[in-house]
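Comments concern the structure below.
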Amino acid sequence: MAERNKQEPLQFKIFIVGDAQVGKTYVVNKIIQKSRNSTKYKPTYGFNYHIWEHEIHENRHVVFQLWDTAGQEKYRGITKEHYKSGVGAIIVYDITKEDSFCNVKNWIEEIKSNCIEQEEEDPYIIVIGNKKDLKSQRKVGYEEAYQIVKKEDKDIDIFEISTVSADPVDTSYFEKVINHFFKKIYERLKKRGILSDNDPNIRLADTQVQTSKSCCCC
Numbered sequence: 000m001a002e003r004n005k006q007e008p009l010q011f012k013i014f015i016v017g018d019a020q021v022g023k024t025y026v027v028n029k030i031i032q033k034s035r036n037s038t039k040y041k042p043t044y045g046f047n048y049h050i051w052e053h054e055i056h057e058n059r060h061v062v063f064q065l066w067d068t069a070g071q072e073k074y075r076g077i078t079k080e081h082y083k084s085g086v087g088a089i090i091v092y093d094i095t096k097e098d099s100f101c102n103v104k105n106w107i108e109e110i111k112s113n114c115i116e117q118e119e120e121d122p123y124i125i126v127i128g129n130k131k132d133l134k135s136q137r138k139v140g141y142e143e144a145y146q147i148v149k150k151e152d153k154d155i156d157i158f159e160i161s162t163v164s165a166d167p168v169d170t171s172y173f174e175k176v177i178n179h180f181f182k183k184i185y186e187r188l189k190k191r192g193i194l195s196d197n198d199p200n201i202r203l204a205d206t207q208v209q210t211s212k213s214c215c216c217c
């Protein structure tokens with residue numbers, strides 16, 4: 000009887016995008032709280048996605064697909080096909096590589112033009128500057144980046160993080176950033192009537208990875 004009453008989970012796509020080698024996969028790993036035992040860069044060909052399930056009420060679940068997309072230019076034509084029905088995106092750039100930030104505008108345009116459906120509002124987007132720990136190698140200043148991103152879209156929030164820092168302050172800040180991201184997505188889903196006002200907001204600590212899948216699009 001319990002199985003019969005269980006509702007089908009609500010499923011949504013979230014994309015982590017950006018140029019190659021900016022740390023997208025590390026950001027995903029931080030979100031799903033997996034350990035990083037190696038700092039060796041391994042390019043993501045095509046995309047990987049992780050299924051992230053959250054119970055909001057008894058017999059009611061929300062499933063997020065976290066898509067770790069490749070940043071290489073030649074794969075963009077493939078990943079565009081998978082943007083459809085996306086409700087959110089995290090754009091990652093490297094504060095030590097100016098080109099990776101210059102391309103943020105292109106990523107914003109690509110996400111908006113491919114995720115939106117009919118009269119629905121744009122997906123919620125945040126921009127993350129990674130490698131904050133490499134202060135001496137910084138090429139992109141935060142204030143400058145903030146002004147440029149806000150000029151592009153005032154609703155896009157921008158943060159700086161370090162995916163390799165073990166400092167509890169940095170870890171706590173990253174968790175706050177991700178909780179903020181999902182809270183905004185929930186607010187938008189409630190506004191569209193997909194979730195009710197009684198459905199609680201998601202928190203990183205409440206969520207558990209159910210499965211992990213990958214796809215090679217070489």
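Residue numbers (numbering that gives the first Met the number 0): 0 to 217. We treat Cβ as the ideally placed atom computed from N, Cα and C, and that holds for glycine.
What is the DSSP secondary structure of I31, reduced to helix, strand or coil?
Numbered from 1 along the sequence shown, position 32 holds the residue referred to as residue 31. I31: coil per DSSP, three-state reduction.
Flag this pair as yes or no: are the beta carbons of P8 and V61 separated by less than 9 Å?
The residue you call residue 8 lines up with position 9 of the sequence shown. The residue you call residue 61 lines up with position 62 of the sequence shown. It is a contact, given that the beta carbons lie within the stated cut-off.
Using 8 Å for Cβ pairs, my map puts I94 next to E159. What's the rounded Cβ distance?
Here residue 94 is taken as the residue at index 95 of the sequence shown, counted from 1. Here residue 159 is taken as the residue at index 160 of the sequence shown, counted from 1. Indeed they touch by this definition, with Cβ atoms about 7 Å apart.
Would you call the CB atoms of W51 and F14 closer than 9 Å?
One-based indexing of the sequence shown puts residue 51 at position 52. One-based indexing of the sequence shown puts residue 14 at position 15. In this structure, F14 does not lie closer than 9 Å to W51 by Cβ.
Once DSSP output is grouped into helix, strand and coil, what is the label at Y48?
Against the sequence shown, residue 48 aligns to sequence position 49. The answer is strand: DSSP assigns Y48 an E or B state.
Cβ-based neighbour list, T38, same chain, cut-off 6 Å, excluding 5 preceding and 5 following
Within the sequence shown, the letter at position 39 stands for residue 38. Here the model assigns T38 a pLDDT of 38, short of 50, so the residue's position is not dependable, and the following value carries that caveat. Correct list: empty, nothing qualifies.
Assigned exposure category for N105 - 16 Cβ within 10 Å defines buried:
On the sequence shown, residue 105 is found 106 positions in, with the first residue counted as 1. N105 is exposed by the Cβ-count criterion.
Where does N129 fall in DSSP's three states?
Your numbering for residue 129 matches position 130 in the sequence shown. Correct three-state label for N129: strand.
With burial defined as no fewer than 16 other Cβ atoms inside 10 Å of the residue's Cβ, what is the status of H179: buried or exposed?
Within the sequence shown, numbered from 1, the residue matching residue 179 stands at position 180. Answer is exposed; the Cβ neighbour count stays below 16.
Since I124 and I107 should fall inside the 8 Å C-beta cutoff, what is the C-beta to C-beta distance between them, to a whole number of angstroms?
Locating residue 124 in the sequence shown gives position 125, where the first residue counts as 1. Locating residue 107 in the sequence shown gives position 108, where the first residue counts as 1. Correct: roughly 6 Å between the Cβ atoms.
Does the separation of the CB atoms of V126 and I155 fall below 9 Å?
Here residue 126 is taken as the residue at index 127 of the sequence shown, counted from 1. Here residue 155 is taken as the residue at index 156 of the sequence shown, counted from 1. It is a contact, given that the beta carbons lie within the stated cut-off.
For G140, count neighbouring C-beta atoms within 10 Å of its own C-beta (all shown protein chains included) and say buried if the count is 16 or more, exposed if not.
For this step, residue 140 is matched to residue 141 along the sequence shown. Looking at its Cβ environment, which holds fewer than 16 other Cβ atoms inside 10 Å, G140 is exposed.
Nearest candidate by alpha-carbon position, reference A19, set F11, K96, S161:
Walking along the sequence shown from the start, residue 19 turns up at place 20. Comparing Cα-Cα distances from A19 to each of F11, K96, S161, the minimum goes to K96.
If you count every other CB in all the chains shown that lies within 10 Å of the CB of V168, and 16 or more means buried, which is it?
If you number the sequence shown from 1, residue 168 lands on position 169. Classification for V168: exposed.
Spatial neighbours of D132 within its chain, please: C-beta separation below 7 Å, excluding the five flanking residues on both sides.
The sequence position of residue 132 within the sequence shown is 133, counting from 1. Counting only Cβ-Cβ distances below 7 Å, and skipping sequence neighbours, we find S161, V163, S164.
Is it true that the CB of G22 sits closer than 9 Å to the CB of V103?
Residue 103 sits at position 104 when you count from the first residue of the sequence shown. Residue 22 sits at position 23 when you count from the first residue of the sequence shown. For V103 and G22, no; Cβs fall outside 9 Å.
Mapping the DSSP letters down to three states, classify Y92 as helix, strand or coil.
The residue given as residue 92 occupies position 93 in the sequence shown. The answer is strand: DSSP assigns Y92 an E or B state.
Identify the continuous beta strand (DSSP E) that holds I193 and give its terminal residues.
For this step, residue 193 is matched to residue 194 along the sequence shown. Taken as a continuous stretch (DSSP letters only), I193 belongs to no beta strand (DSSP E), as it is neither H nor E.
If contacts are defined as beta-carbon pairs under 8 Å, then N113 and Y82 qualify, I think. What distance do you get, rounded to the angstrom?
Here residue 113 refers to the residue found at position 114 of the sequence shown. Here residue 82 refers to the residue found at position 83 of the sequence shown. That belief holds up - the Cβ atoms of N113 and Y82 are roughly 4 Å apart, short of 8 Å.
What residues match up with W66 in a beta bridge as DSSP calls it?
Numbered from its first residue, the sequence shown carries residue 66 at position 67. F14, Y48.
Cβ-Cβ separation, V16 to A88 (assumed contact under 8 Å), whole Å:
The residue you call residue 88 lines up with position 89 of the sequence shown. The residue you call residue 16 lines up with position 17 of the sequence shown. The pair is a contact, with the Cβ atoms about 6 Å apart (cut-off 8 Å).
Can you list, in chain order, the residues of its chain whose CB lies under 8 Å from that of R187, leaving out five sequence neighbours each side?
To locate residue 187, count along the sequence shown from 1; it is residue 188. If we look at R187 and ignore the five residues flanking it on each side, its Cβ neighbours are V86, E120, Y123.
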